Amino acid sequence: MTTKMKLVKPDGSILEFHFAKGLHSSRTYRHILNFPVREDDIYLATYPKSGTHWVWEIIIMLQKRSTDYEKKVKEFAFLDHRDISTLADLPSPRVLNCHYPRHLTPKEVLSKGIKIVHVQRNFKDVCVSAYHHMKDSHERNTTSSFDEFLPLMLGTYGIYWYCSWADYVRQWEIFTKAHPDQILNIYFEDLKQLFQTTLQDSVQEIRKLNTFLGTGCKEALIEKIALACSFHNLKKADAEFKENPFKKDKRFDMYRKGDVGDWKNYFTVDQSEQVDKWIAQNLPETQLAFRYSL
Ligand code: A3P
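Take 7 as the starting number for the sequence shown in the numbering used here and just add one per residue.
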């Protein structure tokens, strides 16, 4: 199945964007599947727009036991769309990050029992965040409206060609049942909750990460990491400090809004019901519990 989206590039030229499995060659799949991992790598798995950057920064701080921002952006350790041989130059411990689904995860991540952190976010906010990513980024700049975009997210391959959001989270749910000690699942909404409550009870998710990764940070440092990785602080660090040679358009901001429930500003009642139905059909018998507002 192929879905097309019309893109208008900044120079005015028009490109048709295909959402289909065929876009990524089997060569890319093989490279990812056979990617050599190190025993001390951490593997951060996310469907796009689910909080990858956020959790990557938190893990780096936990590992370094410091709230100093890492100069390099997470894209240095990003497996998708890259010449992944460059990842061999990164010092250990690496926080590898990848959007490929479970069935396309590097085989050694599974065979070597590498620690996996999976971040998941409610699908409606993922749709809005993905829409902005497609619309605002230089390469993919599009004039399509949200109404035109949403059906693409409900296709077999989602926006990311590999599989839909529902398939993605279901695959990791199944994996978690079989390998509960190898993976930590984090909800974006639980992390965000952090800043809605008092900081005292706010660091639950980061505490879980600290225990799972064995990073040994004390409570006071965990609280500082939570603050250093708040939306506004990361946005500022990204704009003023971090080194990002992968960013082609300086205007594009990965730290867009960072809210839970922004979908309500985009979805009509009909669209929301349509998505609820789609989730019920495509994610049956799940024990995952997504929150759509805080
Ligand atoms: P929005 O587009 O809804 O603002 P990813 O890193 O997987 O591409 O996810 C990007 C999304 O995570 C963006 O969502 C971004 O704003 C949000 N995000 C990043 N850091 C965040 C933080 N500290 N707090 C809340 N949201 C954050």
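By construction, the Cβ of each residue, glycine as well, lies at the ideal position given by its N, Cα and C atoms. Here the structure is a predicted model, which is why all the values come from computation and not from measurement.
From the listed residues 133, 108, 69, 38, the smallest Cα separation to residue 93 is found for 38. For residue 197, the uninterrupted alpha helix (DSSP H) segment begins and ends at 194–199. Here the stretch 95–105 makes no contact with the stretch 234–245; the two share fewer than three CB pairs at distances below 8 Å.
Closest by C-alpha distance to residue 253, out of 143, 128, 100, is 143. The DSSP assignment places complete beta strand (DSSP E) segments of no fewer than 3 residues inside the stretch 92–159 at 101–104, 121–126, in order along the chain.
Only exposed fits residue 217, as fewer than 16 other CB atoms lie within 10 angstroms of its CB. The criterion of a C-beta distance shorter than 8 Å is not satisfied by residue 41 and residue 120. For residue 171, the shortest separation between its Cβ and any heavy atom of the ligand A3P does not lie below 7 Å. The shortest CA-to-CA distance from residue 74 to any of 107, 183, 248 is the one to 248. Look at the beta carbons and you see the stretch 129–141 not touching the stretch 77–87: under three pairs across the two are nearer than 8 Å. Residue state for residue 258 is assigned as coil, using DSSP reduced to three classes. Contact check for residue 47 against residue 116 fails: the beta carbons are separated by 8 Å or more. Within the chosen limit of 7 Å, the ligand A3P reaches the beta carbon of residue 60 through at least one heavy atom.
Within the chosen limit of 7 Å, the ligand A3P does not reach the beta carbon of residue 223 with any heavy atom. In this structure, the beta-carbon distance from residue 286 to residue 178 does not fall below 8 Å.
Look at residue 218 here: in three-state DSSP terms it is helix.
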